[in-house]
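Going by the working numbering, the sequence shown opens with residue 810, and the numbers climb by one from there.
Each residue gets a CB set at the ideal place from its N, CA and C atoms; glycine is no exception.
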Amino acid sequence: MARVQLVMPDRDRDRFVQQARREGLSLSAWLRAAAEDRLRRHAEAARFESVEDLDAFFTACDERAGEGDEPDWEDHRAVIDASRRRGAGDS
């Protein structure tokens, strides 16, 4: 089995140790589990392999967005500008 040395701030180490203990794991086991979880999540990120995959993705996005049109850019811009004006006096 390989041995890996890891350098991190003491504060991070303390937080990781506390969480590992809460989960009933050693720090080493907890770090391995966290790394495995991250690898699994990245592996699950689907890649588009065809134009059909891309079309299916955008169809699903459209279905999730629901009915109706998005506001025009000018409407978005007016909301942004109004928000900026309200925030400008708070500084």
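Proximity of residue i and residue j at Cβ, strictly below 8 Å
i    : j    : result
W829 : S835 : According to the sequence displayed, residue 829 carries Ala and not Trp. Yes, the Cβ-Cβ distance between A829 and S835 is below 8 Å.
F867 : F857 : no
L848 : F825 : no
Reduced DSSP secondary structure (H/G/I, E/B, other) of residue i
i    : result
D819 : helix
E858 : coil
Q827 : helix
E876 : coil
D884 : helix
L834 : coil
Nearest neighbour of residue i, chosen from the options [CA to CA]
i    : options                : result
R812 : E876, A855, R820, S837 : S837
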